[in-house]
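Take 1 as the starting number for the sequence shown in full-length UniProt numbering and just add one per residue.
Heads up, the beta-carbon is just placed ideally off N, CA and C, and yes, glycines get one too.
Since the structure is predicted, the reported quantities are computational estimates derived from the model, not experimental observations.
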Amino acid sequence: MWRFADDCNAISRKNYPSMADLIQSNFSLLTRYNRPISPDNMSTEDRLNQMRGYKATLSNPNVSEEAKQNAQAMLNELGGDQPREELYQARGDQNKDPMRVSAGLKAAQHNPGVTEGGKQEAAEKMEGPGD
């Protein structure tokens with residue numbers, strides 16, 4: 001993002017002989033930064049953030065059906081609606097302290113703000129193997 005702003009400032013400081021030269025320069029700048037990013041050359045964080053944005057679009061009632069269809073297509077292109085294992089690893093979920101996870105699940109079972117379904121799910125996770 002900063003490179004884009006720096007390039008815009010550099011363009012605005014140049015003296016162009018004609019308006020056509022200015023437009024051509026701006027067009028080349030925009031096409032350089034508005035290229036579609038392939039999921040293959042995108043960082044894990046970028047993919048996760050894009051997936052979050054598309055999921056938010058899908059659940060937003062103020063978004064048109066066409067936009068929701070586009071968001072679903074983009075989400076599928078990024079790897080479906082569930083993050084891949086590598087995304088969890090990038091966030092560090094595999095390094096959580098098991099004692100703290102267990103304490104959180106136990107607290108959820110006694111929290112009056114948690115639904116009965118949530119309490120039951122917490123109990124099942126506590127009893128489950130490895131988690």
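For D46, the uninterrupted alpha helix (DSSP H) run begins and ends at 44-59, by DSSP. In the three-state reduction of the DSSP assignment, G113 falls in the coil class, being assigned neither a helical nor a strand state. Shown here for A71: same chain residues with a beta carbon closer than 7 angstroms to its own, the five before and five after excluded, namely Y54, T57, L58 in chain order. Beta-carbon to beta-carbon, K119 and A108 are separated by about 6 angstroms, close enough to satisfy the 8 angstroms threshold. Our two residues, T44 and R52, have alpha carbons roughly 12 angstroms apart in a direct line.
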